[in-house]
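Single-structure report; data block below.
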Amino acid sequence: MSGEFAQLVVDEAIFHLVPTRKRNDPVPTQVQFSEAVCKLNEDVRGKIQANFRAVLARHGRPVVEELEGKKSNLPDRVYEYLLEQRDLVSVSTDLAELLFESQRGNSPAGLLLVASASLAGKKALLIVKLEQEGGFRAEEVLVGGKRTFDMNYFANLLMTEHNKIYKAALFCVDGIPDDGPIEGWAADKQLGGRMAGFWLQAFLGCEQKEDPKRVTQKFHEAAVDWVDKRVDDPEKSVDYLMAVLVELRSNTATLDPTAFAADHLDLHDQDSFLTYLASKDVPTGSFDKDIARVAPRLSELQIGFRSGISIVTPVNRVRDDIKIEDHSDGTSTVTVKGKITSTRSHYSPRKPDAPHTDGQTPGADTTG
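Residue numbers (the numbering used here): 81 to 448.
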């Protein structure tokens, strides 16, 4: 995903000032519309492209038009623009009115940027809500022949280096099917992988394409399967599986498989891992993590042998109490360090009981 957004190019842009709509305001607030596109110099264009390539790569989530209980006509406007039925100025005016209707209550005023763009050479539409912020600029001056600095305050700065409050969406002509909902990407930098309801649903008229619970489950299944099928070194397979379980159990709200591979896998294993995930329809870019479906599987690690013997151990004791020694014949010796506190028979509900041909109850005492 991040590589795809690196090919985002911004052409022309138009800005509209969209205030917050307040119910009991005695003076009705109105959108301040622009009537023509803004000419972007190369420095401004480069900064805009860099900002939104980064925010979409890091926080962008695939979204799809919400058809049931439709809350916004924005997908219709996007469709009209990308299929060249309307121009940028007229479509952006409609989008500014939609945003004004959507952001009632506490949502602050801001600028709506609507830009014609291309993604990998294909026509696209970039939609961004920017919030203005204040800042100071120091300017060197001479007073009585002595150098000092004057401080000037600017109340309408946009996209400063540390600004964390803006929301973006990108739709490409590739996401416009002949029959069906349109697809694109949306991001809310303020909330990371999550998105404000007014932005995603009330304004964009979309929903996330993938349920975080389902994506997390698919990542867990594919990662475990890859370790089991593609990693031959027993000690390495334990380390990799441990890394998967620890990553899923961490307190982070998102999971980035590409960053995970770079942090925890050997260099020559990273491409294999990411390719395998992609083959299982698991995103290789950042996604929202929700372990509700896999939580019971994250506390224990099982080491299985060809003989049928298995060792089950709590994840947090593996590195302290388990030692694996590999041998040249392909076998391994696993040493478990600790005090034995119990021994008991074990029944696995996943394995059927062995058939009995002697008419005896299993385990019955047949001596006289």
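Think of the CB as a built atom: it goes at the ideal place given N, C-alpha and C, for glycine as much as any other residue.
Note that this is a predicted model, so its numbers are computed, not measured.
{"Query": "So Lys369 is in the alpha helix (DSSP H); what residue range does that whole segment cover?", "Result": "Per DSSP, Lys369 belongs to no alpha helix (DSSP H) and is neither H nor E."}
{"Query": "Buried or exposed for Leu280, going by 16 or more other Cβ atoms inside 10 Å?", "Result": "buried"}
{"Query": "Give the secondary structure of Asn236 by DSSP, where H, G and I count as helix, E and B as strand, and everything else as coil.", "Result": "Legend: pLDDT at Asn236 = 48, less than 50; position of this residue unreliable, value from coordinates given subsequently. Strand, per DSSP."}
{"Query": "Could you give the DSSP three-state label for Gly268: helix, strand or coil?", "Result": "For clarity, residue 268 is Asp in the given sequence; the question names Gly instead. Note: Asp268 maps to strand in three-state DSSP."}
{"Query": "Between which two residues does the beta strand (DSSP E) containing Pro142 stretch?", "Result": "Arg141 to Glu145"}
{"Query": "In the DSSP output, which residue or residues are listed as bridge partners for Lys403?", "Result": "Thr415"}
{"Query": "Return the bridge partner residues of Thr334 from the DSSP annotation.", "Result": "Asp368"}
{"Query": "First and last residue of the alpha helix (DSSP H) that includes Ala303?", "Result": "Pro292 to Arg310"}
{"Query": "For Ala282, collect the residues of the same chain with a Cβ closer than 7 Å to its Cβ; drop the 5 residues on either side in sequence, then sort them by chain order.", "Result": "Lys151, Ser152 and Ser182"}
{"Query": "Quick check on Gly201: buried or exposed, where buried means 16 or more other Cβ atoms within 10 Å of its Cβ?", "Result": "exposed"}
{"Query": "By a C-beta neighbour count over all protein chains shown, 10 Å radius and 16 as the cutoff for buried, is Leu178 buried or exposed?", "Result": "buried"}
{"Query": "Could you tell me whether the Cβ atoms of Glu160 and Val143 are closer together than 8 Å?", "Result": "no"}
{"Query": "Terminal residues of the continuous alpha helix (DSSP H) containing Lys316?", "Result": "Pro314 to Arg329"}
{"Query": "Taking the straight line between their C-alpha atoms, what separation do you get for Gly149 and Val253?", "Result": "24 Å"}
{"Query": "Rounded to whole angstroms, what is the Cα-Cα separation between Phe367 and Ser387?", "Result": "39 Å"}
{"Query": "Span of the beta strand (DSSP E) holding Ala204?", "Result": "Lys202 to Leu210"}
{"Query": "Going by DSSP, name the residue or residues bridged to Phe283.", "Result": "According to DSSP, Phe283 bridges with nothing at all."}
{"Query": "Is the beta carbon of Val194 sitting closer than 8 Å to the one on Ile128?", "Result": "no"}
{"Query": "Just to confirm my understanding: we take Leu154, look at its own chain, exclude 5 residues before and 5 after, and list those with CB closer than 7 Å. What are they?", "Result": "Leu175, Leu178, Phe283, Leu284 and Gly285"}
{"Query": "State buried or exposed for Ala116, treating a residue as buried only when at least 16 other CB atoms are found within 10 Å of its CB.", "Result": "exposed"}
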